[in-house]
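With my numbering, letter number 317 in the sequence shown gets 356, and the count goes up by one each step, no holes. We treat Cβ as the ideally placed atom computed from N, Cα and C, and that holds for glycine. Since this is a predicted model, take the numbers as computed values, not measurements.
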Amino acid sequence: MPPTEPIVRTPRCVVIGYGQAGRSIHAPLIRLTAGLELAGVCTRDPGRRATAVADLACHTWDDYTTVLADPTIDGVVLATPTADHVSQALAALAAGKHVVVDKPVCLDPADLDRLAAAERASGRSLVVFHNRRWDGDYLTVRRLLAAGVLGQLRVVEMGWGARGRPRSWRATRAGGGGRVYDLGAHMIDQLCQLMPSPPLTVYARMHAPLPDQDVESHAHLVLGFRDGATGVIETGYLAALPRPRFRLIGSDACFEKHGLDPQEEALRSGNLDGARENEAHYGWLSDGTTRSRVPTVPGYWRGFYEAVRDHLVTGAPNPVPLASVRTPVAVIAAAFRSAERGTVEPILVA
Ligand SMILES: NC(=O)c1ccc[n+]([C@@H]2O[C@H](COP(=O)([O-])OP(=O)(O)OC[C@H]3O[C@@H](n4cnc5c(N)ncnc54)[C@H](OP(=O)(O)O)[C@@H]3O)[C@@H](O)[C@H]2O)c1
């Protein structure tokens with residue numbers, strides 16, 4: 040839905056939270072977007088505010104409610120701990136602000152209805168930051184599927200994790216921590232976007248928490264799609280060697296690719312446009328007889344905020360509307376039920 044009143048001047052937005060996502064992703068991406076203004080950063084910790092000033096020479100706020108009360112601010116970007124997203128998004132919409140919220144938008148699928156109702160009532164827009172819909176490997180897979188070279192898609196496997204120990208809110212399930220809510224949210228979203236039919240069931244195995252933590256240490260999800268296809272997602276903190284980031288099995292050919300999109304690292308080093316994938320990570324396509332290398336399509340994270348700008352200013356479509364994340368949010372909720380009960384769970388999309 041377009042916003043009811045397109046913004047006629049450059050939209051001014053504030054990044055809320057200046058941790059990993061706020062500092063390394065949102066603030067630099069917004070600054071790279073012509074036609075969007077980063078009005079400043081809000082974070083409660085004085086050290087983080089000082090870092091924001093040193094990085095960006097921008098205005099800072101220590102109190103979210105003050106940002107919402109400022110009539111010169113058009114929108115907020117929630118780069119805050121996941122469990123805070125819903126209350127902060129509802130408050131922003133009630134204050135007449137547009138909202139970009141980082142993934143996952145919420146933990147409980149029931150919150151999607153509250154958010155959708157608030158968005159409708161406000162005449163403002165809520166956009167979910169699924170930046171990985173602009174990853175090079177994902178765009179490469181989309182291109183292969185559009186060209187039909189794999190034939191009928193039967194299995195899509197995705198893996199992404201990293202050995203390590205979560206800290207602070209990332210170490211608690213109630214806080215939205217753990218890799219399923221984190222990297223899993225990206226992969227499940229990509230999987231649901233790629234598959235031609237919706238997922239109907241999920242079976243999940245999640246391994247025991249790490250000591251002193253209550254988040255899964257390793258997780259496997261197996262999804263059944265309406266057309267009979269299968270999706271497999273693996274993530275966690277244990278594996279020291281990665282499985283392929285993408286592996287697709289079709290009736291005519293198979294595609295496999297390792298490695299991670301280089302844009303996050305390039306953004307962190309201040310040179311997004313210098314992001315180049317190591318050619319050793321180009322994928323392989325094989326029909327069983329021949330095997331060929333598939334150069335990766337360049338990723339384009341700039342596309343997210345460019346589309347947000349166009350949505351706010353010209354009424355172009357919302358690039359990642361709430362409706363498009365209902366299924367992934369339902370998959371994650373069903374996966375946790377499955378892991379607890381040891382059952383295959385239906386995916387109930389409201
Ligand atoms: N899309 C992606 O690629 C990507 C990558 C990384 C993270 N994420 C997502 O981004 C979100 C944040 O993750 P993160 O790793 O950046 O977390 P983080 O490093 O812990 O940073 C969270 C930030 O939020 C601030 N904050 C918390 N409550 C606040 C409030 N009420 N008002 C203002 N600031 C508040 C914290 O600072 P104070 O406590 O000082 O206020 C901190 O600056 C999560 O949902 C995560 O899933 C997405």
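Could you tell me whether any non-hydrogen atom of ligand 1 is closer than 7 Å to the CB of residue i?
i, result
"W199", "no"
"R332", "no"
"D141", "yes"
"D266", "no"
"W173", "no"
"G56", "yes"
"I272", "no"
"D94", "no"
"F343", "no"
"N317", "no"
"C81", "yes"
"T289", "At residue 289 the sequence reads Gly, which differs from the Thr that was named. The answer is no for G289."
"Q302", "no"
"Q232", "no"
"A156", "no"
"D84", "yes"
"Q59", "yes"
"W323", "no"
"T104", "no"
"F294", "no"
"T211", "no"
"P120", "yes"
"N170", "yes"
"I69", "no"
"D221", "yes"
"D123", "yes"
"S363", "no"
Excluding sequence positions up to five away, which residues of its chain have a Cβ less than 6 Å from the Cβ of residue i?
i, result
"L178", "V336"
"M245", "E255, A258, A378"
"L222", "W199, T274"
"G125", "The sequence shown places Val at residue 125, rather than the Gly named in the question. Cβ neighbours of V125 beyond the five flanking positions: C145, D150."
"G190", "G289, S290, D291"
"H225", "R171"
"F264", "M234, S236, P238"
"L262", "P238, V241, G270"
Tell me which same chain residues have a C-beta within less than 8 Å of the C-beta of residue i, skipping the five on either side of it?
i, result
"I112", "R51, C52, V53, A78, V106, K136"
"G275", "G200, R218, H246, E255, S256, H257, A258"
"L279", "In the sequence as displayed, the identity of residue 279 is Ala instead of Leu. So the qualifying residues of the chain are R202."
"R330", "W323, L324"
"A134", "L107, A108"
"R376", "T382, E384"
I think residue i touches residue j, with their Cβ atoms under 8 Å apart; what is that distance to the nearest whole Å?
i, j, result
"R9", "S325", "Because the chain spans 40 through 389 in this model, residue 9 falls outside it and cannot be assessed."
"I272", "L230", "7 Å"
"V368", "V241", "Going by Cβ atoms, the distance from V368 to V241 rounds to 13 Å, so no, they are not a contact pair."
"L260", "A374", "5 Å"
"A122", "G214", "5 Å"
"P110", "Y220", "At roughly 34 Å, the Cβ-Cβ gap does not stay under 8 Å, so P110 and Y220 are not in contact."
"D152", "A389", "6 Å"
"P281", "K296", "That belief does not hold up - the Cβ atoms of P281 and K296 are roughly 11 Å apart, past 8 Å."
"A305", "L311", "5 Å"
Short of 7 Å in beta carbon distance, which residues of its chain neighbour residue i, apart from the five on each side in sequence? Order them along the chain.
i, result
"A210", "G216, Q252, V254"
"R315", "P301"
"R332", "Y321, W323"
"D266", "P235, S236"
"W173", "G338, Y339, W340, G342, F343"
"I288", "R193, V194"
"D176", "R284, F285, K296, D300, T335"
"L277", "R202, S256, H257"
"G74", "T49, R348, V352"
Inspect the CB distances between the stretch 357-364 and the stretch 150-167 and report whether three or more fall short of 8 Å. Touching, yes.
The stretch 190-209 / the stretch 146-161 touching (three or more Cβ pairs under 8 Å): The answer is no - the stretch 146-161 does not touch the stretch 190-209, with fewer than three Cβ pairs under 8 Å.
Would you call the stretch 62-78 and the stretch 320-339 in contact, with 3 or more CB pairs under 8 Å? Contact fails between the stretch 62-78 and the stretch 320-339, because fewer than three Cβ pairs, one in each stretch, are under 8 Å apart.
With a threshold of 8 Å, are at least 3 pairs of Cβ atoms found where one atom belongs to the stretch 340-356 and the other to the stretch 82-90? Result no; under three Cβ-Cβ pairs closer than 8 Å.
Tell me, please, whether the stretch 59-77 touches the stretch 110-128 by the rule of three or more beta-carbon pairs shorter than 8 Å. The count of Cβ pairs closer than 8 Å, one atom from the stretch 59-77 and one from the stretch 110-128, reaches three, so the stretches are in contact.
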